[in-house]
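A.B. asks: Protein chains in written order, with my numbering: chain D, 1 to 264; chain U, 1001 to 1346. One structure, pasted below without further comment.
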Amino acid sequence: MPTSGAAEEVVLSIAHVAVHFGGLVALSDLNFTVCEGEIVGLIGPNGAGKTTAFNVFTGFLKPTAGEVRYRNTLLNGLKPHEITSLGLVRTFQRTSIFQNNTVFENVLIGLHRLGRSTLWDTLLALPREKIAEGELADKAREILRIVGLERRAADVAATLPYGEQRLLGMALALAAQPSMLLLDEPVSGMNASESAKVMKLVETIRAAGVTILLVEHDMPMVMQVSDRIVVLNYGRIIAEGPPAVIQQDPQVIRAYLGEGKKRA
Amino acid sequence: MKRALPAVWLVVFLTIPLWLQDQYILHILITTGIFIIASMSLNLLLGYTGQLSLGHVAFFGIGAYASALTTLGFDVDVFGFRVLHQPWPAVIGLFVGMVIAGLSGYAIGRLSFKVRGAYFVIVTISFAEVTRLIALNWVELTQGPLALTNIPPYTLGFPGLGSYTLWNKTAYYYLVLAVGLIAYVVISRLVGSRIGRAMIALKENETLASSVGIDVTRYLVLAAVVSAGMAGAAGSLYAHYLKIIDPDIFLFIYTVTMVIMVITGGKGTLAGPIVGGVIFGFLPVILRPFAAPAVQWILYGGLMIAIVFVLPQGIVPALERWIANWLTRKPADALLAGSSKPHEGQ
Chain D
1 MPTSGAAEEV VLSIAHVAVH FGGLVALSDL NFTVCEGEIV GLIGPNGAGK TTAFNVFTGF
61 LKPTAGEVRY RNTLLNGLKP HEITSLGLVR TFQRTSIFQN NTVFENVLIG LHRLGRSTLW
121 DTLLALPREK IAEGELADKA REILRIVGLE RRAADVAATL PYGEQRLLGM ALALAAQPSM
181 LLLDEPVSGM NASESAKVMK LVETIRAAGV TILLVEHDMP MVMQVSDRIV VLNYGRIIAE
241 GPPAVIQQDP QVIRAYLGEG KKRA
Chain U
1001 MKRALPAVWL VVFLTIPLWL QDQYILHILI TTGIFIIASM SLNLLLGYTG QLSLGHVAFF
1061 GIGAYASALT TLGFDVDVFG FRVLHQPWPA VIGLFVGMVI AGLSGYAIGR LSFKVRGAYF
1121 VIVTISFAEV TRLIALNWVE LTQGPLALTN IPPYTLGFPG LGSYTLWNKT AYYYLVLAVG
1181 LIAYVVISRL VGSRIGRAMI ALKENETLAS SVGIDVTRYL VLAAVVSAGM AGAAGSLYAH
1241 YLKIIDPDIF LFIYTVTMVI MVITGGKGTL AGPIVGGVIF GFLPVILRPF AAPAVQWILY
1301 GGLMIAIVFV LPQGIVPALE RWIANWLTRK PADALLAGSS KPHEGQ
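Structure representation (structure tokens):
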């Protein structure tokens, strides 16, 4: 799958990133880039450091060494919400939604960045507040339509089936207005039809101009949607390239897919 | 119907002094009202951001002392410098009390939101204890255990109409009602807005909240400042109504009272602190003819345990659930009873 049109501008660059937990090396000398409009798959066996990498990119974990840059802004030392406000937004491996709120409220919370009303607008109930809230509600409905949860708007999030909870997690991330989205195992635990729905959604998101970095164990999915794949093992990159090349890479087959056994 | 309910209650509260002749009951209404305002402020922190401030009475006491001292004036020696303050009108004291309580809320917020959960609880308890010790020992300023006395009542100035001093209980009742109403409106607007959603998000899932771009510290501190300022206003009302305050105002039992009012009424609901406040404000009055003070405390505790045990989320959420169930069951009952006119839709 070719990268979409425009010049290959690097949006996320990871340079010499290392993470040590005491004596344990979770990531060592990680170097790669993601270009505008690309879908890059980040794969590797369990414990390879994928989620650790996500945590570093999004400010939830400080790297021991190295630099992470998003659109030329150095992310080291920024807090998660500051990184989100640059447009770099993530989802979580484990279902992460606001369980006790309705689906609609969840998305409204996710739209926090878009809110423009000030404390005074709110306290004095100025017309501006009403207009801003109306715009947010419209936007929330639009996002629910994109992820296909519009019928669930009034349901409490905790009552949704698993697959829809995961979709709501993606809706939350979309609501945060990403220019780049980090998806952490979006289809894990889903059945085939739910996975297909997510894959379609990923394509829709990309078509809207959002760059995507994807961590996923579901090989058919990764191979199908990714333009390029980065393979991690024991905290270091062992291969990088288009899906067709990665599938044939002997080191990857040995480390990740298992010798003599092809799943993909 | 749900929208009309607050209006009905407002009319009831507005007319109480017209038909209530008993001054003692009016006095209980005023003090209960003051504690309800403090509980509403605690609810903003506990119910909406999920932070348990067990030193909430500190903000209440700071508001009371700051307001009283602003009104009474003082002449103290601070590190060799003489600080002299001439008495100001009591209404200015109310604002000074709110501002100083709000500022201390800011300080506590900045300091302790770095440490959450149990640590926050410890920091707030310690803060209340420190403020109590200052009130007790800085005798030159606070008169220590001798108490600040003769705190003047508020005088409200109306441009072109002259001024009115709140000498009697009825006037104080309406003042407390007005302040309570403002507090209620402020909280309801906050929690119904983007700011409130951010606070609720922090309570529910802080990691997720920050990942969608919510500045955790900012909204927690904002909640702490608004909450502390509101508690400070309640403290000021208390000081000017009773006309005397001593360091016992910082006692832990007052925080516990507020927490009980919030938890039993229903934390995270607008009406919760009011319902809890009315119950626990009036319980001693109801029990007084029947039980000795010691027995009262036992019954008081027993009722609280019973409410928390049976209705863990509090009275208001339970009532809302019952009403919702009742409303949805009604059409089904009608159908089962063979009603000739089945309900359409819901």
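Every residue, glycine too, gets a C-beta built ideally from N, C-alpha and C.
So, is the C-beta of residue 1201 of chain U closer than 7 Å to a C-beta in chain D?
C.D. replies: For residue 1201 of chain U, the answer is yes, since a Cβ of chain D falls inside 7 Å of its Cβ.
A.B. asks: Does residue 211 of chain D come out as helix, strand or coil in the three-state DSSP assignment?
C.D. replies: Reduced to three states, the DSSP call for residue 211 of chain D is strand.
A.B. asks: Flag this pair as touching only if the segment 1001 to 1018 of chain U and the segment 1081 to 1091 of chain U have three or more C-beta atom pairs under 8 Å; answer yes or no.
C.D. replies: Segments in contact, no.
A.B. asks: Considering only C-alpha positions, which residue in the set U/1030, U/1035, U/1027 and U/1004 is nearest to residue 1262 of chain U?
C.D. replies: Per the Cα distances, U/1035.
A.B. asks: So, using beta-carbon positions, are residue 87 of chain D and residue 179 of chain D closer together than 7 Å?
C.D. replies: It is a contact, given that the beta carbons lie within the stated cut-off.
A.B. asks: For residue 1131 of chain U, which option in U/1306, U/1010 and U/1246 has the closest C-alpha, if you only look at C-alpha atoms?
C.D. replies: Checking every option, the nearest Cα to that of residue 1131 of chain U belongs to U/1246.
A.B. asks: Going by the CB atoms, is the gap between residue 107 of chain D and residue 235 of chain D shorter than 7 Å?
C.D. replies: Cβ distance not < 7 Å, so residue 235 of chain D and residue 107 of chain D don't count as in contact.
A.B. asks: How is residue 262 of chain D classed by DSSP in three states: helix, strand or coil?
C.D. replies: Unreliable placement is indicated for residue 262 of chain D, whose pLDDT of 47 sits below 50; the coordinate value is still reported in the next sentence. In this structure, residue 262 of chain D counts as coil in the three-state DSSP scheme.
A.B. asks: Helix, strand or coil: how does DSSP classify residue 102 of chain D here?
C.D. replies: Residue 102 of chain D falls in the strand class under three-state DSSP.
A.B. asks: If you reduce the DSSP assignment to three classes, tell me which class residue 1211 of chain U lands in.
C.D. replies: The answer is helix: DSSP assigns residue 1211 of chain U an H, G or I state.
A.B. asks: So is residue 164 of chain D buried or exposed if we call it buried at 16+ other beta carbons inside 10 Å?
C.D. replies: Per the 10 Å Cβ criterion, buried.
A.B. asks: Near residue 1329 of chain U, which residues of its chain fall below 6 Å by C-beta distance, leaving aside the five closest residues on each side in sequence?
C.D. replies: Counting only Cβ-Cβ distances below 6 Å, and skipping sequence neighbours, we find nothing.
A.B. asks: Helix, strand or coil for residue 1236 of chain U? Go by DSSP, reduced to three states.
C.D. replies: Here residue 1236 of chain U sits in helix by DSSP.
A.B. asks: Below 8 Å, can you find three or more Cβ-Cβ pairs linking the segment 110 to 125 of chain D to the segment 1191 to 1209 of chain U?
C.D. replies: Taking 8 Å as the limit for Cβ pairs, the verdict is that the segment 1191 to 1209 of chain U does touch the segment 110 to 125 of chain D.
A.B. asks: At 8 Å on the CB atoms, spell out the chain U contacts of residue 101 of chain D, in chain order.
C.D. replies: Going along chain U in sequence order, the residues near residue 101 of chain D (Cβ under 8 Å) are 1200 and 1204.
A.B. asks: For chain U, check one thing: does any of its Cβ atoms lie closer than 7 Å to the Cβ of residue 176 of chain D?
C.D. replies: At least one chain U Cβ lies under 7 Å of residue 176 of chain D.
A.B. asks: Taking just the CA atoms, how far does residue 1163 of chain U sit from residue 90 of chain D?
C.D. replies: If you take the alpha carbons of residue 90 of chain D and residue 1163 of chain U, they lie about 59 Å apart.
A.B. asks: Is the CB-CB distance between residue 1151 of chain U and residue 1100 of chain U below 7 Å?
C.D. replies: No, Cβ-Cβ distance for residue 1151 of chain U and residue 1100 of chain U is not below 7 Å.
A.B. asks: What are the boundary residues of the alpha helix (DSSP H) that includes residue 144 of chain D?
C.D. replies: Where residue 144 of chain D is concerned, the enclosing alpha helix (DSSP H) stretches over 127 to 147.
A.B. asks: Taking one C-beta from the segment 1068 to 1082 of chain U and one from the segment 1266 to 1274 of chain U each time, how about it: are there three or more such pairs within less than 8 Å?
C.D. replies: Too few Cβ pairs lie closer than 8 Å, so no.
A.B. asks: Pull up the distance between the alpha-carbon of residue 1053 of chain U and that of residue 1120 of chain U, whole angstroms please.
C.D. replies: Near 7 Å, if we compare the C-alpha coordinates of residue 1120 of chain U and residue 1053 of chain U.
A.B. asks: Check residue 283 of chain D in the structure and name its three-state DSSP category.
C.D. replies: Nothing in the structure corresponds to residue 283 of chain D, since chain D is present only between 1 and 264.
A.B. asks: Rounded C-beta distance between residue 1208 of chain U and residue 98 of chain D? I'm assuming under 8 Å.
C.D. replies: About 7 Å; that satisfies the 8 Å criterion.
A.B. asks: What in chain U is Cβ-close to residue 117 of chain D, meaning under 8 Å?
C.D. replies: Going along chain U in sequence order, the residues near residue 117 of chain D (Cβ under 8 Å) are 1193 and 1194.
A.B. asks: Return the Cβ separation of residue 66 of chain D and residue 132 of chain D in integer angstroms, given the expectation that the two are a contact with Cβ distance under 8 Å.
C.D. replies: Contact flag wrong, Cβ pair sits at about 40 Å.
A.B. asks: List the DSSP bridge partners of residue 229 of chain D.
C.D. replies: According to DSSP, which records beta bridges pairwise, residue 229 of chain D is partnered with D/41 and D/241.
A.B. asks: Which residue wins for smallest C-alpha separation from residue 146 of chain D, given the options D/205, D/156 and D/190?
C.D. replies: Among D/205, D/156 and D/190, the Cα nearest to that of residue 146 of chain D belongs to D/205.
A.B. asks: Exposed or buried, residue 262 of chain D, counting other C-beta atoms within 10 Å across all chains shown (16 or more means buried)?
C.D. replies: Confidence in residue 262 of chain D is poor, its pLDDT being 47 and thus under 50, which makes the residue's placement unreliable; the coordinate value appears in the next sentence. Exposed: under 16 other Cβ atoms inside 10 Å.
A.B. asks: Would you call residue 1043 of chain U buried or exposed, if buried means 16 or more other Cβ atoms sit within 10 Å of its Cβ?
C.D. replies: Counting Cβ neighbours within 10 Å, residue 1043 of chain U comes out buried, since at least 16 surround it.
A.B. asks: Using alpha carbons as the reference points, say which of U/1256, U/1041, U/1229 and U/1104 lies closest to residue 1094 of chain U.
C.D. replies: Cα-wise, what sits closest to residue 1094 of chain U is U/1229.
A.B. asks: Within 10 Å of its beta-carbon, does residue 1327 of chain U have 16 or more other beta-carbons around it, so buried, or fewer, so exposed?
C.D. replies: Answer is exposed; the Cβ neighbour count stays below 16.
A.B. asks: May I ask you to list the residues that DSSP assigns as paired with residue 1074 of chain U?
C.D. replies: DSSP lists U/1085 as partners of residue 1074 of chain U.
A.B. asks: Kindly list, in the order they appear in chain U, the residues whose Cβ is closer than 9 Å to that of residue 164 of chain D.
C.D. replies: Correct list: empty, because the minimum Cβ distance to chain U is about 17 Å.
A.B. asks: Between residue 1214 of chain U and chain D, is the shortest Cβ-Cβ distance under 7 Å, so that the two count as touching?
C.D. replies: Yes, its Cβ sits closer than 7 Å to a Cβ of chain D.
A.B. asks: How is residue 1300 of chain U classed by DSSP in three states: helix, strand or coil?
C.D. replies: Three-state DSSP puts residue 1300 of chain U in a helix.
A.B. asks: Closest to residue 982 of chain U by CA distance: which of U/1284, U/1308, U/1315 and U/1289 is it?
C.D. replies: Only positions 1001 to 1346 of chain U appear in this structure, which leaves residue 982 of chain U out of reach.
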